[in-house]
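*Asks:* Residue numbers (the numbering used here), protein chains in the order written: chain A, 1 to 306; chain B, 307 to 742; chain C, 743 to 1020.
The structure under discussion is supplied below as structure tokens; questions concerning it will follow.
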Amino acid sequence: MTTATTPKPKKDMKSMAENYLFIIPAVVIFSIFYIYPFYDILNLSLHEWKGIGPKIFVGFRNFQELMVDKIWWKSIWNATYITLWALTFQNVLAFMLALACDREIRFKKFYRVVFFIPPVLSQVVVGLIWRWILYAGQQDGQHIGLLNHFLSQIGLSHLANNWLSDPKTALTMIAIVHCWQGFGWGFIMLLAGLQTIDKQLYEAAKVDGASSWSQFWNVTMPMMVPVMLVVVILTVLGAMQAFILVLSMVGQGLVFHTEVPVTRILAAMQGTKQFGYACAMGVNFAIILIAVSTIMKLFSNKMKQA
Amino acid sequence: MKKFSFVAVVLVLICSGVIVACTGCGGSKEDPNQVTMWHWMTDRDAVLQQLAQQYEQETGVKIKIELFAPSDSYSQRITASSQANTLPDIFGILDKKEIFADFIRYGFVANLTEEFAKDGGAWEKSMFPKALDVNRFKPDNIYGIEPGIYGVPIDVTNIQMLYNKKLLAKAGIKKAPTNFSEFLASIKALKRVGVSGLVSGWGEIWMADAFASNYAFNIMGEEKVMATYKGDVKYTDPDWIKVLNVFKTLSEAGAFMEGIVTKPNKEAEQDFALERAAFAYNGSWCVNVYHDMNPSLEYSAMLPPTINPKRPMKIWGGAGSSFVVKETSTRKDKAIAFLKWLSAEKQQALLAKETRNLPANRKALESIPEVLADFASVMDNTTHPTIWKYNELPAVTEAFDKGIQSIIIGEKTPKQVASEVQAVKERETEKAKRRQ
Amino acid sequence: MNEPTKRNLKYLGLHAFLLSVALTCLFPLFWMFRCSLMDNQTVFTDKGLIPSVINFGNYADAWTKGGFGVYFFNSILYTVSVVVGIVLVSSLAAFAFSRLKFWGRDAFYYMFVIAMMIPLPGSFVPLFVLMNKLGMANTRIGYILCMINVGLSLSIILLKTFFDKMPSDLEDAARIDGCSKWQIWWNVALPLARPAVAVIVIFNSLNVWNEYILAQLLLSDDKLMPLQRGLMAFAGKHSVDYSLLMAALTISAVPIILLYLAMQKHIIKGLSSGAVVG
């Protein structure tokens, strides 16, 4: 509370009780639909269960097996790889576009709308379209896939590739498509952030003789830190948990080169019917995500202080 | 008192939720004359709805048919409903036989053996034995289930190879290859005229697994395959390396269409229908699909070319989709009566005609298109994991299938894959032992 | 080189960059639209960018064959109720987390933060059992409450971030005028947070609009199903009828794009009013 005066204790108690009313709806819904299933999953991760029949308590054995499951750790690394692409490529692109659209330029409204089209499309559709672009086959000596066709048209046919079935490129392609679909979010949030910056600050900096570059570093960047933090966290969480795109682009995967944690969890649950193991994966994954977010939070606190 | 209006907004929101919910549960009273059936087949929904209406007119029993697709989401719903005890009167189990057995063991599935045996086994005799086998538990089955028939098949499928007549002619091939060396020769001839060889949806990995299984049966025979699953034969056995070598040979000969390992089957079907590849490996449902994509496509079905001439080629096949009846249903008799009606000749003929699937009722066979008849004629060659005595551990199957992928993309040799699969097998067997 | 030409060149470069990104974004939509105008034979064979024969019949066909009328209504109902629910519930909580004092405030807040990071695989079993126990299986309200929960964490976090940044002068003034906390929330905080609310609305609308897995788990009556599930069934029935499918997909994408177009103004308006206050 922003009021500086200290009211009587009795009134304070009543006011505090009233304050709880604000969060009660959220907490009630959350407890029913989140905490209860969460408890169930935590519990299930200590059991062996086929989805039917009795649940056999196995203690931490699922977790022990998980620790030495190479494919699981590979999937975590793959998700990290996609995340790194999203953090750099996607966010830099979003920020550049937001900066461009924050200026007084023509067609600003047009761009604002267009950049938000990819996030609107369902991931299944996006996967379908990109499969067509990256299609590797030929008919009558002609590439059918748009990218390969384009490459051969401009005389770079030696670069034409089997994009989604080559271990060297498959995951990168998924990452790029993920970035392509996701940058619109970063774009509008960063743009919203940029527009809250008081234009007088720039004027003042100009009067002081600051170059546009130093305006950017000394005015824009510090003001953008809170928004950027939100964007970064959302990017990380979105990229780490991406999976529909993987399924729609490479089906059940290219060997283990395109496995991500959520596809592993789904495979354990639907494919091999190891619900307990799947839940242990989920818990393990959650711990990793919480750790990553905490590190980011600490890092950003440092940045804010600096 | 504006304050209260805000509190009211929120409270009303929650209370109304609870109230609506409670009226909701009051509304769903059990209707003794209504049988509910859940299915996952989007392509057959319209015909099933139509048949349900017809059934209601004929008998007065209302059949409520509800669709949940895709099949993963259907499976989820079945699992969840078994936990909440809200399974419908008629449903399907899309999982492995082991899970099917558990559904029986824990009292969710009715035993239909007696029904099938009534009137001198009339119902049983009307069906393809292969289709019933999927729903049958034999005496002394490893799951410990009381022998009998527990499900009703409504159609049958099998998975074969198909060839494009025009493209083969273009490459100067007069007759579809029957053995492996002929097949390799035709791939070479096709390459010369710039036509891709074999396409299939191996992004859906079980299809690659089925292909491998065909050759395993051809090369070493059923007994040795079963012995491997049981643990008596190792994957490093020369015969298994021969099976894996099929993929290496084909890959090196350039037989596979580009990108086959991550191709969804829908896309593979398109490729074949648009004459981008000369051969396809696909199930009998493809007749319907190819017809819609390209009605003028000239093609025919063939068995995968054999490697070992001494043994016949075994292909995967059996019941395409089967339904079971809930054991605790209060409308069990009505549900069984409906399934009996659904699998009778007339209804089967309609289903076969409308959806171009192979009927499960053998009397309905006369009404199917010509290419489908090709599929039907090799029903005797079919086999399926659901009718095997032993089944491989899921983790081993995964390692084997992923190994096939890495052979196709040239990452690993068959020997490497074989020893890796064997390592997984030993690890998993150890784990399974510890559990008991 | 003189100044104006240099600036023009810079502008040209900027637009070239923006335009090339815009093209990649427009392409899929264009492709969907293009295919939806063809018939099923030409869709696979016609290689031209603009179809030689244009035919809008697919839209009417898709609408009637897919029975989209009911699904469309349901989707709109779900989207509106869920979004309204989320905005009310999450803004109340975010306001409390940002402006009010009570015991355990941070603990409650971090509970929501952590929840956002934890995927719940396999939660469908407990959720389904729970909904049946509550008698909410196969009811609209059950699905709506579940979807409110899905969007809750993120919305609370976004709103709290915005409330934290918002200057409190106006609220102080309102308090001196004798407004209660509830009135401050409704009359001051919520209107000021319009840009954040706009983001939440669009984010959650998208989420609800494109959702079908939970819908198929919790609902069983065809009359209650949302549009995406209709599309799913449609895609299965007409899996090979590409042009028809593309028409159906275009129909499903249009409302969200329209919503974004409408919300866009609010983001700008909200922002400018926020700027006046600051």
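In this text, a Cβ means the ideal position worked out from N, Cα and C, and glycines have one as well.
Just so you know, these numbers come straight off a predicted model, no measurement behind them.
Suppose contacts are defined by Cβ-Cβ distances below 8 Å. Is B:MET608 in contact with B:TYR469 by that definition?
*Replies:* yes
*Asks:* I need the straight-line Cα distance from B:LEU656 to B:SER379, nearest angstrom please.
*Replies:* 28 Å
*Asks:* For chain B, is any of its Cβ atoms less than 8 Å away from the one on A:ASP140?
*Replies:* yes
*Asks:* Distance check for C:PRO770 and B:GLY333, CA to CA, integer angstroms please.
*Replies:* Only weak support is given to the placement of B:GLY333: the predicted model assigns it a pLDDT of 42, under 50, and the value that follows is read from those uncertain coordinates. About 45 Å.
*Asks:* Beta-carbon separation of B:ALA724 and B:ILE547 under 8 Å?
*Replies:* yes
*Asks:* Could you tell me the alpha carbon to alpha carbon distance between B:GLY389 and C:PHE945, rounded to whole angstroms?
*Replies:* According to the sequence as given, residue 389 of chain B is Gln; it is not Gly. Approximately 33 Å, taken between the alpha carbons.
*Asks:* First and last residue of the beta strand (DSSP E) that includes B:VAL501?
*Replies:* Segment: none, B:VAL501 is in no beta strand (DSSP E) and carries neither H nor E.
*Asks:* Closest to A:VAL231 by CA distance: which of A:ALA242, A:GLY182, A:TYR36, A:PHE256 is it?
*Replies:* Closest by alpha carbon: A:GLY182.
*Asks:* Quick check for students: name the residue ranges of the beta strand (DSSP E) that lie wholly in the stretch 440-482 of chain B, counting only runs of 3 or more.
*Replies:* Listed in chain order, they are 458-470.
*Asks:* Excluding the 5 residues preceding and the 5 following C:CYS777 in the sequence, name in chain order all residues of the same chain whose CB lies nearer than 7 Å to its CB.
*Replies:* Counting only Cβ-Cβ distances below 7 Å, and skipping sequence neighbours, we find VAL785, TYR984, SER985, MET988.
*Asks:* Taking only runs that begin and end inside the stretch 231-291 of chain A, name each unbroken alpha helix (DSSP H) of 4 or more residues, in chain order.
*Replies:* 244-250, 261-266
*Asks:* Does DSSP put B:GLY623 in a helix, a strand or coil?
*Replies:* If DSSP states are grouped into helix, strand and coil, B:GLY623 belongs with the strands.
*Asks:* Nearest by alpha-carbon distance to B:LYS472: which of B:ALA579, B:PHE489, B:GLY427 is it?
*Replies:* The candidate whose alpha carbon is nearest that of B:LYS472 is B:ALA579.
*Asks:* Roughly how many angstroms lie between the CA atoms of A:ALA17 and C:LYS923, to the nearest whole one?
*Replies:* 13 Å
*Asks:* Residues of chain C with a CB under 9 Å from the CB of B:GLU336: which are they?
*Replies:* Chain C residues near B:GLU336: none, gap ~14 Å exceeds 9 Å.
*Asks:* Please name the residue in A:TYR20, A:PHE150, A:VAL246, A:VAL58 whose C-alpha comes closest to that of A:SER165.
*Replies:* A:VAL246
*Asks:* Taking B:GLN466 as the reference, which of B:LYS480, B:SER519, B:LYS424 has the closest Cα?
*Replies:* B:SER519
*Asks:* Whole angstroms are fine: how far does the CA of B:GLY623 sit from the CA of B:MET433?
*Replies:* Cα to Cα, B:MET433 sits roughly 15 Å from B:GLY623.
*Asks:* Residues of the stretch 169-185 of chain A with a CB closer than 9 Å to any CB of chain C: list them in chain order, please.
*Replies:* Of all residues in the stretch 169-185 of chain A, only TRP180, PHE183, GLY184, TRP185 place a beta-carbon less than 9 Å from a beta-carbon of chain C.
*Asks:* Which word fits C:ILE792, buried or exposed, when buried means at least 16 other C-beta atoms lie within 10 angstroms of its C-beta?
*Replies:* So C:ILE792 counts as exposed.
*Asks:* Starting from the N-terminal side, write out each stretch of the beta strand (DSSP E) that is 3 residues or longer and does not extend beyond the stretch 56-94 of chain A.
*Replies:* none
*Asks:* Buried or exposed: where does C:TRP951 fall if 16 or more other Cβ atoms within 10 Å of its Cβ makes it buried?
*Replies:* buried
*Asks:* Do the stretch 894-906 of chain C and the stretch 931-938 of chain C meet, that is, are 3 or more Cβ pairs less than 8 Å apart?
*Replies:* As far as the Cβ criterion goes, the stretch 894-906 of chain C touches the stretch 931-938 of chain C, which means the pair count is three or higher.
*Asks:* Going by beta carbon distance, what residues of the same chain come within less than 7 Å of B:LYS646, once the five residues before and after it are set aside?
*Replies:* TRP429
*Asks:* Would you say C:ASN797 faces chain B, with C-beta separation under 8 Å as the test?
*Replies:* no
*Asks:* Can you tell me which of the three DSSP states B:TRP344 falls into?
*Replies:* strand
*Asks:* Could you tell me the alpha carbon to alpha carbon distance between B:ALA327 and C:THR881, rounded to whole angstroms?
*Replies:* The predicted model places B:ALA327 with a pLDDT of 47, which falls under 50 and marks its position as unreliable; any figure quoted below should be read in that light. The straight-line gap from Cα to Cα measures roughly 7 Å.
*Asks:* Listing by chain order, which chain A residues have their CB less than 7 Å from the CB of C:SER832?
*Replies:* ALA26
*Asks:* Alpha carbon to alpha carbon, what distance is there between A:GLY51 and B:ILE410?
*Replies:* 14 Å
*Asks:* For A:GLU48, collect the residues of the same chain with a Cβ closer than 6 Å to its Cβ; drop the 5 residues on either side in sequence, then sort them by chain order.
*Replies:* ILE56, VAL58, GLY276
*Asks:* Run through DSSP, which three-state label would A:LYS109 get?
*Replies:* helix
*Asks:* For B:GLU732, does the three-state DSSP call read helix, strand or coil?
*Replies:* helix
*Asks:* Is it buried or exposed for B:ASN391, if we count other Cβ within 10 angstroms and need 16 for buried?
*Replies:* exposed
*Asks:* Scan the stretch 96-117 of chain A for residues whose Cβ lies nearer than 8 Å to a Cβ of chain B and list them as they occur along the chain.
*Replies:* none
*Asks:* In terms of DSSP beta bridges, what is B:LEU603 paired with?
*Replies:* DSSP output for B:LEU603 lists no bridge partner at all.
*Asks:* How about B:GLU744 and B:TYR596: are their beta carbons less than 8 Å apart?
*Replies:* Any property of residue 744 of chain B remains undetermined from this structure, which presents chain B solely from 307 to 742.
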